[in-house]
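What follows is one structure encoded as structure tokens, with my remarks underneath.
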Amino acid sequence: MSLPHWNLDEIYTGCNSDDFNFAINACRENCTRVKALVKDNGAIEEVIKTWEKVLDTFETLDAYTSVLLSVETNNTDYLYALNRVSKLSLTVNNLEVIVINFLADNRTAVLNALDNELKEYSFVIKELLEKHNHLKSQEVEAVAADLNRSGTEAFERLQEALISRTVIEYKGEMKTVTELRNMAFSKEREIRKEAFEKEVQLLKNNKIAYAAALNGVKGSTITLDELHSYEPLKRSLIQSRIDEKIIHALISTLEKNLPLFRKYLNKKAEMLNLDHLAFYDIFAPIGEDVKRYEFEDAKDFILDKFYGFSKEMGDFAKKAFDNNWIDAEPRKNKVGGAYDVGFPDAGVSRILCNFDYSYNGLSTLAHELGHAYHDSVVLPKSHLLRTYPMTLAETASIFSETIVLQGALERASESEKISLIETFLQDTTQVCVDILCRFYFEREVFAKRKESELSSEELCQIMVDCQKKTYGTLSEYHPFMWAVKGHYYSSAFSFYNYPYAFGQLFALGVFAQKQKLGDAFAPKYRKMLENTGKDSAKNVASLLDCDIESEEFWQSSIDIVATYVEDFVNASNN
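Using our numbering, read the sequence shown as starting at 14 and increasing by one per residue.
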């Protein structure tokens, strides 16, 4: 049976269709209407609602052109449509400053509206008013945005191009960094080692360009953040809707539990007959391959587990499968990986994956369906009330993954269990240990970049120091990981790392609440998801009695990981 392709007709009927062109024109017209309302000092609610229409339509257009191109990357019509939408983004993005200034100029009336007709918007509009305190004039912000496009964003694209296009010869074939990194999952250590050495050499060949790009991004970020009276970490925390107390509790808990993760890594080294793992051994497979899953098997298994949690979640997943919301077939000119994307104007989502008939393929599908379920809960809300921060973005996806993992473990053989648990621990080590390493690295780079530019050699030294501090003793480290990870090159969001650790551990804490509350949990879970876009992470978490300011909460999540470490150690001993 062939793997499914998605159907996008309920969104737009094509990138040259009347409905697509109508949406672009409607978006432009509403942009003009927002400006006119602001100029005429119009009603606050009307300004907000019209601005939200712009944001909804633009988000739908942007998502639509992106998904078209992601399954046909060589389609010039799709690329042209993407460029049309990208051009529109300049007008849309400039509206934010205009609206924020309008709200600030009418602060008394706005605060009065928040007690009345706009009560539900209280948190998000106060957030916008606080942002106003850091904004410069409209002209300065427009210049900064334009320079950002041709400055830091250009450096970002340079790093992406270097990673995806530069090649090196490996056994008679030319390989990119991405292709070489995929060999880290090989069962053969010699293959992993050779691929690692080639990867490092390829990165080293372009070290001056990578270093220039990273210096450019971090230097510009420091300048722009100083212009807006921010520190890079402080701005990141505001974007994540958390504060210093929460990040301190999270980071401190990760640091205290490094011995737990090293216990797992040391046992893995022992199982591979090594004194210590090298960096290229971290993803080495352990245990017996879990059974092959046909797509229909994966569908039935996921539906069974989702329905076991709640009828609503099961019905939602069934709707996604039955209505061709999923594009699962790997094929030429389709991007790799997986994602979920929502379309506000249509009130639906779509999921891209590259299903490979493995348990990982099944787990990825469950993960993306979790994202889509989250979409289904928030999409009926207006734009400002549904846009959630990165810290809460992974809650539903990892929760769904965990439900499926529990089900898979219940029916697995002993050898399959080792493989399933090891895969979970491998992933969790990445989002706890490696993320902590990246957090340390970025903090150090920002501190040093304030003083001067950093050479590639200095960046490599900082990277290795951070790996030693987190992973402990490895036989070989990876000095060029700073060149590999695109997240370091993001100017829009600095410290693009800790939200992953937050997301993983928060989702595990949420799962622990499910175990504790039983049938009473599902409606509370839904209410929590409903609120992810309209309040602080602390207040959203409190809806499930999760205190994210306390180290005890984060430790309770790590304790779940600890049970898997013990299971892994005991199973491997047997």
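We put the CB at the ideal spot given by N, CA and C, even for glycine.
Because the structure is a prediction, the values reported are computed rather than measured.
Nearest residue (CA-CA) to H241, options K144, A222, P272: Counted from its first residue, the sequence shown places residue 241 at position 228. Ranked by Cα distance from H241, the first of K144, A222, P272 is K144.
Since Y352 and R305 are thought to touch, with beta carbons under 8 Å apart, how far apart are those beta carbons, to the nearest angstrom? Along the sequence shown, one-based indexing puts residue 352 at 339. Along the sequence shown, one-based indexing puts residue 305 at 292. Contact flag wrong, Cβ pair sits at about 24 Å.
Unbroken beta strand (DSSP E) runs of length 3 or more, entirely within the segment 276 to 357: which are they? 352 to 356
Are Y183 and E203 closer than 9 Å when you measure CB to CB? The residue given as residue 183 occupies position 170 in the sequence shown. The residue given as residue 203 occupies position 190 in the sequence shown. Not closer than 9 Å, so no.
I need the straight-line Cα distance from Y223 to N270, nearest angstrom please. For this step, residue 223 is matched to residue 210 along the sequence shown. For this step, residue 270 is matched to residue 257 along the sequence shown. Y223 and N270: Cα-Cα distance of roughly 33 Å.
Where the alpha helix (DSSP H) containing T63 begins and where it ends: As a position in the sequence shown, residue 63 is number 50, starting the count at 1. Run containing T63: 57 to 84, per the alpha helix (DSSP H) assignment.
Contained alpha helix (DSSP H) runs [length at least 4] in the segment 132 to 193, N- to C-terminal order: 135 to 145, 151 to 163, 165 to 178
Could you give the first and the last residue of the continuous alpha helix (DSSP H) run that contains V51? In the sequence shown, residue 51 corresponds to position 38, counting from 1. It spans 31 to 52 - the alpha helix (DSSP H) in which V51 sits, taken as one unbroken run.
Classify S253 as helix, strand or coil using the three-state DSSP reduction. Residue mapping note: residue 253 aligns to position 240 of the sequence shown, counting from 1. DSSP places S253 in helix when its eight states are reduced to three.
When V80, I138, D32 are compared against E58, the one with the closest alpha-carbon: Within the sequence shown, the letter at position 45 stands for residue 58. Minimum Cα distance to E58 is reached at I138.
C-beta atoms of D288 and A297 nearer than 9 Å: On the sequence shown, residue 288 is found 275 positions in, with the first residue counted as 1. On the sequence shown, residue 297 is found 284 positions in, with the first residue counted as 1. Result no, Cβ atoms of D288 and A297 do not sit closer than 9 Å.
Is the separation between the beta-carbon of F515 and that of A550 shorter than 9 Å? For this step, residue 515 is matched to residue 502 along the sequence shown. For this step, residue 550 is matched to residue 537 along the sequence shown. Yes, they are a contact pair.
Beta-carbon within less than 7 Å of N107's beta-carbon, same chain only, minus the 5 sequence neighbours each way: which residues are those? Walking along the sequence shown from the start, residue 107 turns up at place 94. These residues qualify, in order along the chain: A155.
Near H380, what residues of its chain come up, given a Cβ to Cβ distance below 8 Å and the 5 sequence neighbours on each side ignored? By 1-based counting over the sequence shown, the position of residue 380 is 367. Taken in chain order, the residues that qualify are A351, S410, I411, S413, E414.
Between the Cα of S79 and those of E65, D69, S99, K62, spot the shortest distance and give me the residue it belongs to. For this step, residue 79 is matched to residue 66 along the sequence shown. Ranking E65, D69, S99, K62 by Cα distance to S79 puts S99 first.
Taking the Cβ atom as the reference point for each residue, do N346 and N88 lie within a distance shorter than 9 Å? Reading the sequence shown from its first residue, position 333 is the one you call residue 346. Reading the sequence shown from its first residue, position 75 is the one you call residue 88. A contact, by the Cβ cut-off of 9 Å.
Determine, using beta carbons only, whether S507 and R275 come nearer to each other than 9 Å. Within the sequence shown, numbered from 1, the residue matching residue 507 stands at position 494. Within the sequence shown, numbered from 1, the residue matching residue 275 stands at position 262. Contact flag unset, no.
K324 versus V60 - alpha carbon distance: Your numbering for residue 324 matches position 311 in the sequence shown. Your numbering for residue 60 matches position 47 in the sequence shown. Taking the straight line from one Cα to the other gives about 39 Å.
Kindly indicate the opening and closing residues of the beta strand (DSSP E) around L365. Translated into the one-based positions of the sequence shown, residue 365 becomes position 352. Unbroken beta strand (DSSP E) run through L365: 361 to 365.
Beta-carbon proximity list for W5, same chain, < 7 Å, skipping 5 on both sides: This structure gives no information on residue 5, because the portion of the chain shown stretches from 14 to 587.
At least 3 beta-carbon pairs within less than 8 Å: the segment 550 to 569 vs the segment 521 to 539: yes
Looking at the unbroken alpha helix (DSSP H) that takes in T576, where does it start and where does it end? Numbered from 1 along the sequence shown, position 563 holds the residue referred to as residue 576. It spans 564 to 586 - the alpha helix (DSSP H) in which T576 sits, taken as one unbroken run.
Runs of alpha helix (DSSP H) lying entirely within the segment 449 to 533, each at least 4 residues, in chain order: 469 to 484, 494 to 497, 511 to 530
What is the C-beta distance between G374 and A425, in whole angstroms, given that I count them as a contact (C-beta under 8 Å)? Reading the sequence shown from its first residue, position 361 is the one you call residue 374. Reading the sequence shown from its first residue, position 412 is the one you call residue 425. Actually they do not touch by this definition, with Cβ atoms about 16 Å apart.
Assign A425 to one of three DSSP states: helix, strand, or coil. Residue mapping note: residue 425 aligns to position 412 of the sequence shown, counting from 1. DSSP places A425 in coil when its eight states are reduced to three.
Can we say the segment 27 to 35 touches the segment 359 to 368, given the rule of at least three CB pairs closer than 8 Å? no
Coarse secondary structure for F437, derived from DSSP in three states: Counting from one through the sequence shown, the residue named residue 437 turns up at place 424. F437: helix per DSSP, three-state reduction.
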